[in-house]
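Report on the following structure.
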């Protein structure tokens, strides 16, 4: 007889705001009913990228495993802690207040994949929001209100969120872009909770040290008048409906202020101080490292910006130098992360750029399936699965 869970967060398609103390996070779950002790997948989004950008990936992974997609503090539909002593949450404007013509991501600076989370500031706003009746964490939550959001804050709030919905480890973390720094910080803080990690074209302190801001201001000025949709055609490739695309664009707008407050580079350096690679922090836990052709898409945007006469001569030279650095070093730096574990696998998507979770969700889900297979095999060997 198989004992099944009675927790709706482990057996139903469910979503809503869940309190993690002084504020609430939006989380959505789907997939097969969780068996006792079985790993679940937690997806950690990239910088400036709310869950609406990953809706098709969420569905694809739901065919494989019980999984959780969530908006961290200030992203999408989530609240964020107050930055003062008032106890009030910062929230974002209702979608009726957004521009009516939001069918496109618009200018370069509005595109989540190509804007650095710590270089574009925007004011936060307020609105009322409803909370659901999910289980509540204790009042002495360790999450503290702060204007600057570090990866350690994001990792701690994720831990609090999973406790609040009553979903215990083991967790398989799948992280995209800046989400990789959060995932590895989670590993450092809660190592026993992690059964495996997929680092999907992720950022790291070493990558930041090699490349600096991604992208640098000079590159942004060269491509300032370039609409990524005209060059990369993500809208068509995504397969999203009009409603899904409009929701994604609105969510990106909601997310911009919180993304700007994420201390991405400081978090990367703090992670480097942990010396996870030197210590092989994952031991023999399964790890999958994936790289895209990020440089290819950046090159297309740069060439279009040059055609439009963007930037000064010095800015073009600086942007060209940086772009060559991406082409030379980004994949090498990604491969270093393989040494986090003795059981690691490396995959390259040579035909798609950094927006691959939205562009090719089924192929991205296949990476998660491969990692889950590695985790299951290891658990069989260790006697955790029969």
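In the UniProt record's numbering, the protein residues as written are 1 to 386. Glycine included, every Cβ here is placed at the ideal spot set by N, Cα and C.
**Prompt:** Which residues mark the beginning and the end of the beta strand (DSSP E) in which residue 349 is found?
**Reply:** 344-349
**Asked** In terms of residue numbering, what span does the beta strand (DSSP E) encompassing residue 175 cover?
**Response** 171-176
**DSSP state of residue 57 mapped onto helix, strand, coil** = helix
**Asked** What is the residue span of the alpha helix (DSSP H) that residue 156 lies within?
**Response** 151-164
**Asked** Do you know how far the Cα of residue 280 is from the Cα of residue 126?
**Response** Residue placement at residue 126 is poorly supported in this model, since its pLDDT is 27, which falls under 50; the coordinates still yield a value, given next. One C-alpha to the other measures close to 43 Å.
**Prompt:** Where does residue 380 land, buried or exposed, given buried means 16+ other C-beta within 10 angstroms?
**Reply:** exposed
**Message:** Give me, in chain order, the residues of the same chain whose beta-carbon lies closer than 8 Å to that of residue 298; leave out the 5 immediate sequence neighbours on both sides.
**Reply:** 114, 215, 219, 323, 326, 353
**Prompt:** Apart from the five residues just before and just after residue 336, which ones in its own chain have a Cβ nearer than 7 Å to its Cβ?
**Reply:** 206, 277
**Asked** the ligand ADP heavy atoms versus the CB of residue 70: any closer than 7 Å?
**Response** This structure lacks the ligand ADP, and indeed carries no ligand of any kind.
**Message:** Since residue 235 and residue 245 should fall inside the 8 Å C-beta cutoff, what is the C-beta to C-beta distance between them, to a whole number of angstroms?
**Reply:** 6 Å
**Prompt:** Helix, strand or coil for residue 262 per DSSP?
**Reply:** strand
**Prompt:** Are residue 268 and residue 332 close, meaning C-beta to C-beta below 8 Å?
**Reply:** no
**Request:** List the DSSP bridge partners of residue 29.
**Result:** 14, 68
**Delimiting residues of the beta strand (DSSP E) encompassing residue 43** = 40-44
**Message:** Within a Cβ cutoff of 6 Å, which residues of the same chain sit near residue 285, ignoring the five residues on either side of it in sequence?
**Reply:** 196, 341
**Message:** Looking at the strands, I want to know which residues DSSP matches up with residue 198.
**Reply:** 174, 288
**Message:** My output table needs one value for residue 275: the three-state DSSP class, helix, strand or coil.
**Reply:** coil
**Message:** Can you check which of these residues, 224, 355, 20, is closest to residue 165 by C-alpha distance?
**Reply:** 20
**Message:** Tell me the rounded alpha-carbon separation between residue 315 and residue 282.
**Reply:** 41 Å
**Message:** Which same chain residues end up closer than 8 Å to residue 139 when comparing Cβ atoms and leaving out the 5 residues on each side of it in sequence?
**Reply:** Because residue 139 carries a pLDDT of 34, less than 50, the predicted location of this residue cannot be relied on, and the following value inherits that uncertainty. Excluding residues within five positions, the ones whose Cβ falls inside 8 Å are 21.
**Prompt:** Does the beta-carbon distance from residue 66 to residue 40 come in below 8 Å?
**Reply:** yes
**Request:** Taking the CB atoms as reference points, tell me whether residue 378 and residue 345 lie closer together than 8 Å.
**Result:** no
**Asked** Can you pull the DSSP bridge partners for residue 341?
**Response** 283
**Message:** Using a 10 Å radius around the Cβ and a threshold of 16 neighbouring Cβ atoms, would you call residue 12 buried or exposed?
**Reply:** exposed
**Message:** Can you tell me whether residue 24 is helix, strand or coil according to DSSP?
**Reply:** strand
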